[in-house]
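These notes concern the structure reproduced below.
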Amino acid sequence: MAEAALALTLVSAFGFSLSSRAKLLYRIGTIGLGGATLALIALLVYRSVRISFPALTGTYEGLLMLAAGITAFLFVSERKLLSGNRTILAAGSFAAFVFLAILNSPLIDASLRPPVPILRSSWLVLHVAFAFIGLSLFTVGMIAGVVGLIRSDPTLTDTVRDRTVVLGFVFYATGGLVFGAIWAEAAWGRFWGWDPKETWALITVLVYAVYLHVRYLRSSTQQTARVLAIVAWAVAIFTFFGVNYLFSGLHSYALQILPISDSMRVASIALPAVQ
Amino acid sequence: MWKYLRSIRFFFLVAALLVVFSILASLIPQSLPAEEYRSRYGPAVSTVIQALRFDSFYRSPLFFVLGGLLELNLLACSIPRLASRVKRGTKRPTAYAADVIHLGLALAIVGGVVSFAFREEHQFAGRVGERFAIESGDETDPAVVEAVDARERTTGDGVVVSWEIDLRAGEEQATVVVNDPARLGPYRAYFRHFEERGVASLVAEQGELTLRRGEGLESQNGTVLLFDGFASDGDGLFTVNFPEAETERYKVEPGGRIFGLEFQPVGTETLIGFSLSRDPGRPLLLVGLVVVAVGLALFAAHRLQAHRAPGSGGIGRHEGGTNG
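Going down the list, the sequences are from chains A and B.
Under our numbering, the first sequence has 8 at position 6, and the numbering climbs by one with no breaks.
Under our numbering, the second sequence has 397 at position 283, and the numbering climbs by one with no breaks.
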C-alpha cells in the first residue's frame, strides 16, 4: 500500500505540474492525491489493527503520517485555500513522494512490533499525531515560502504559507510540547528532561515563534517571513530525522527505552581456565 | 529600557540566544567528568566549555538568566495589554489568545524554576520483596518502602501491555503502573523498570556458582562466559567471548555441560525499579501547560475568525515595536 501511495503521489506531482496543457491532467493529479491519502490512511489503520494499538511510535509511522498529512491537506484545501495553485499542489505532492520514497527505502525499518508498555499511552498517541500534523502543515508552509520567493506575484502563496504555519504551530506546540510533557511526567516523573529531541523540539517552536512575531515589526517584509518559513522547516525536519540519527536519547526508537537496573553486571570471578 | 524589555526585538534576542546555546548544548555531551572534556576537546576548548558551564547548560546561571529574561518579556508584554483589554471590556475570548499563551508559558517557567530548586527524587532498583530506605532527612516521611509484588500484564497472545509494582510504606499501599503514577504518602511513585531474569547454577569441581541473566565468569586466559537467560524450551543460553576472537553462542540443556561446568536452571527472579518524587513545581507546570494549550486553541480559533473576516489585523497587531 505504501508503494501504491508512492506511485500515486508521483502521478499527482506530474499531473499538477503538466496540467497547464490539459485540464484532465489536473483532474488526474487531484485523484492521485485523494487516492494516496486513502492508501496511507488505510495502511496506518491496518498497521494499528495488526498491533491492536495506534501505530505511531516508529520512524516508519512518522513518515507515513507526514506524507498522509501533506496529501490530505492538499486534497482537502485544493479548491478553497490553494485556489487550484498548481505549483504548490505539484511541489506538495512531490514532497509527499520524497517522504514515501524514504519510507520505502532500506534506511527505514518497516517491521511491525507491538509497542512496549511505556509507549502505550493516550498522551503519546496525541503527542505524536499532533506533532506530525503540525510538521505536515509546516512542509506545505515551507513550499509556499519557496514558491513565494520565486514568483513575481506571491499574494496567494503568502496567504497559504501564513495559514499553514499558524495552524501547524498550534498543532506542533500543543502536541510536541504540551502533550509530550504531560506524557513524560506520567512515564518518567518529570515534564522535561532536555533530551536532544526535546531540546530540538523547543528550538523548532522558538524559531516558529519568531516567525509568528516577525509580522508585528514595522520593518519586516513578506520576504523575511518566506525565508523564516523555510529555515524553520529545516529545523523542524532536523528535529524529526537528524536528532534520531545523530543523538542518542529517550526518543531514539531503536534504543532500549527503560533504564537498566544497576544490578546488571558481569561478575568478574576468577575460575580455573575454561578451555 | 522598559519599552525595550517588552518589545518583540528583545524577544528575538532572547530566542536567538536560547536557540544558539541550546544547539551548542545538544552538540556538547552533558554532565561528563572534566577529564572527558579535556580528552575530547583539548585543554583550551574544555576550559571554555566548563567556564561557561556548557557541560551542564540547563543548570547553568546563563540558562537561568535567559529564562528569567524570557519570563520578564512575556509578563511585561502581556500584563499591561491584558489589563487594558479587560478595562475596555473586550468580551471575545479569542482576543486574549496571545496573552493566555504568554501567561501559561510564564507560569510554566516559574513552575520549572520551583521544580529545579525544590524537587526531591529517590530512585530505587532491586528485587521484589526487597525493602528500600528513603533518605530524605524528613522525619515525618516513611523511612522504608517495600516492593511487595510486581507483575506483567499480557494479552492472550503474549503481548506485554503493562507492568505493575505493588509498594508499601508503613500503613500505605499503592500500585504503580507504567505511565500511571500513584500517590504513596507524601510522594508520587513512578514506575521505572520491570524485568523477569533467569537464574542458573553452574557446578564445577571447585563448587557451585549462581548466575543471574547478564552475569558471567571470566577465566584466567580472559575468556568470558555470560549467562543470557533461558530459551523458550527452558534450555540455558550462553555467550562466550574469546580473547581476540569472535563471540560464540551456546544453547545448553539442563544437566548439560559448557566448558566443563554443569548447567542447572534455578528459576526466575523479578527485578523492579521505581522512583519516589516530591515536586512543588509540578502543579504550576501542569497548570501552565494546560493554559498554554487553551491559549493555542484560542489562537487557532482567532485566526480562523480573522480569515473569515477579511482585513482583520490578526492577533494584537499594533503600531509600535512592542511585543504583540
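Don't be surprised by glycine CBs; every beta carbon is placed ideally from N, CA and C.
Please go through the same chain and pick out, in chain order, the residues whose beta-carbon is closer than 8 Å to the beta-carbon of B/Leu127, but skip the five residues on each side of it.
Counting only Cβ-Cβ distances below 8 Å, and skipping sequence neighbours, we find nothing.
Are any of the Cβ atoms in chain B nearer than 9 Å to that of A/Gly143?
Not one chain B Cβ lies under 9 Å of A/Gly143.
Output the boundary residues of the beta strand (DSSP E) element that contains B/Thr384.
Boundaries of the beta strand (DSSP E) around B/Thr384: Leu375 to Arg392.
Applying the 10 Å Cβ sphere with the 16-neighbour rule, what's the burial state of B/Phe341?
By the 10 Å Cβ count, B/Phe341 comes out buried.
Given that A/Ser123 touches chain B, what residues does it touch there, using C-beta distances under 7 Å?
Chain B residues near A/Ser123: Asn293.
Let me know the secondary structure DSSP gives B/Phe238 once reduced to three states.
Assignment of B/Phe238 by DSSP, reduced to helix, strand and coil, places it in the strand class.
Any beta-carbon of chain B closer than 9 Å to the one on A/Ile232?
Closer than 9 Å: no.
Three-state secondary structure (DSSP) of B/Ala296:
Three-state DSSP puts B/Ala296 in a strand.
The region 195-220 of chain A: which residues have C-beta closer than 9 Å to a C-beta of chain B, in chain order?
For the region 195-220 of chain A, the set of positions with a beta-carbon nearer than 9 Å to some beta-carbon of chain B reads Trp196, Pro198, Thr201, Trp202, Leu204, Ile205, Leu208, Val209, Ala211, Val212, Leu214, His215, Val216, Arg217, Tyr218, Leu219 and Arg220 in chain order.
is_contact[A/Phe243, chain B] using C-beta, thresh 9 Å
Chain B contact via Cβ: absent.
Can you tell me whether A/Phe55 sits near the ligand HEM, meaning its C-beta is under 8 Å from at least one heavy atom of the ligand?
The ligand HEM is not part of the structure shown, which contains no ligands of any sort.
Cα separation between A/Lys199 and A/Gly178?
Straight-line spacing of the CA atoms in A/Lys199 and A/Gly178 works out to 10 Å.
With A/Thr159 and A/Val149 assumed to form a contact (beta carbons below 8 Å), what rounded beta-carbon distance in angstroms separates them?
Indeed, because the Cβ distance is near 5 Å, the residues count as touching under 8 Å.
Continuous alpha helix (DSSP H) stretch holding A/Gln225: start and end
Where A/Gln225 is concerned, the enclosing alpha helix (DSSP H) stretches over Gln224 to Ile239.
Looking at the strands, I want to know which residues DSSP matches up with B/Asp280.
Answer is B/Asp263 and B/Thr289, bridged to B/Asp280.
Beta-carbon proximity list for B/Glu189, same chain, < 7 Å, skipping 5 on both sides:
For the record, residue 189 of chain B in the displayed sequence is Leu; it is not Glu. By the criterion of a C-beta distance shorter than 7 Å, B/Leu189 is surrounded in its chain by Ala220, once the five residues flanking it on both sides are discounted.
Residue closest to B/Gly370, alpha-carbon to alpha-carbon, out of B/Leu316, B/Ala209 and B/Val404
If we check each option's Cα against that of B/Gly370, B/Leu316 comes out closest.
Exposure label - B/Met115; buried when at least 16 CB within 10 Å:
With fewer than 16 neighbouring CB atoms inside 10 Å of its own CB, B/Met115 falls in the exposed class.
Along the chain, where does the beta strand (DSSP E) containing B/Asn355 start, and where does it finish?
Segment Gly350 to Asn355, the beta strand (DSSP E) holding B/Asn355.
Report yes or no: is there a C-beta of chain A within less than 9 Å of the C-beta of B/Gln378?
Closer than 9 Å to the CB of B/Gln378 there is not a single CB belonging to chain A.
When the Cα of B/Ser276 is compared with those of A/Gly195, A/Pro117 and A/Thr206, which residue comes out closest?
Checking every option, the nearest Cα to that of B/Ser276 belongs to A/Pro117.
So for B/Lys205, helix, strand or coil by DSSP?
Looking at B/Lys205 - three-state DSSP - the assignment turns out to be coil, as it is neither helix nor strand.
Quick one: is B/Trp91 near chain A, going by C-beta distance under 9 Å?
Here chain B covers residues 115 to 438 and nothing more, so residue 91 of chain B does not appear.
For A/Ala272, count neighbouring Cβ atoms within 10 angstroms of its own Cβ and tell me buried if that reaches 16, exposed if not.
Below a pLDDT of 50, predicted positions are generally treated as unreliable, and A/Ala272, at 34, falls in that range; the measurement from the model is reported next regardless. A/Ala272 comes out exposed.
Cβ closer than 8 Å: which chain A residues qualify as neighbours of B/Phe135?
Under the 8 Å cutoff, chain A gives no residues; its nearest Cβ is about 10 Å from B/Phe135.
Ignore the nearest five residues each way along the sequence and tell me which others in A/Trp125's own chain have a CB closer than 7 Å to its CB.
Excluding residues within five positions, the ones whose Cβ falls inside 7 Å are Phe181, Ile184, Trp185 and Ala188.
Cβ-Cβ separation, B/Gly402 to B/Phe232 (assumed contact under 8 Å), whole Å:
Not quite, the Cβ-Cβ distance comes to about 16 Å (not below 8 Å), so this is no contact.
So, with DSSP's three-state summary, where would you put A/Ala199?
For the sequence presented, residue 199 of chain A should be read as Lys rather than Ala. In this structure, A/Lys199 counts as helix in the three-state DSSP scheme.
Within-9 Å CB hit, B/Tyr172 to chain A:
Residue contact check for B/Tyr172 against chain A: a CB pair falls below 9 Å.
Proximal residues to B/Leu399 (C-beta, below 7 Å), its chain only, five neighbours per side dropped
In chain order, Ala222, Gly225, Gly226 and Ser229 place their CB closer than 7 Å to the CB of B/Leu399, counting only its own chain and leaving out the 5 sequence neighbours on each side.
Where B/Ile248 meets chain A, residues with beta-carbon distance less than 8 Å
The premise fails here: B/Ile248 is roughly 15 Å from chain A at the closest Cβ pair, so nothing lies under 8 Å.
Any idea if A/Arg52 is buried or exposed, counting beta-carbon neighbours within 10 angstroms, 16 or more meaning buried?
In the assembly as shown, A/Arg52 is an exposed residue. Its beta-carbon has fewer than 16 other beta-carbons within 10 Å.
Determine, using beta carbons only, whether A/Phe16 comes closer than 9 Å to chain B.
Closer than 9 Å to the CB of A/Phe16 there is not a single CB belonging to chain B.
Report the neighbours of B/Glu235 on chain A: residues whose CB is nearer than 9 Å to its CB, in chain order.
Result: Gly191 and Arg192.
Does DSSP put A/Val118 in a helix, in a strand, or in coil?
Of the three classes helix, strand and coil, the one that applies to A/Val118 here is coil, per DSSP.
Quick one: list the residues of chain B neighbouring A/Phe148, beta-carbon separation under 9 Å, in chain order.
For clarity, residue 148 of chain A is Val in the given sequence; the question names Phe instead. Those within 9 Å of A/Val148 in chain B number zero; the least Cβ separation is about 22 Å.
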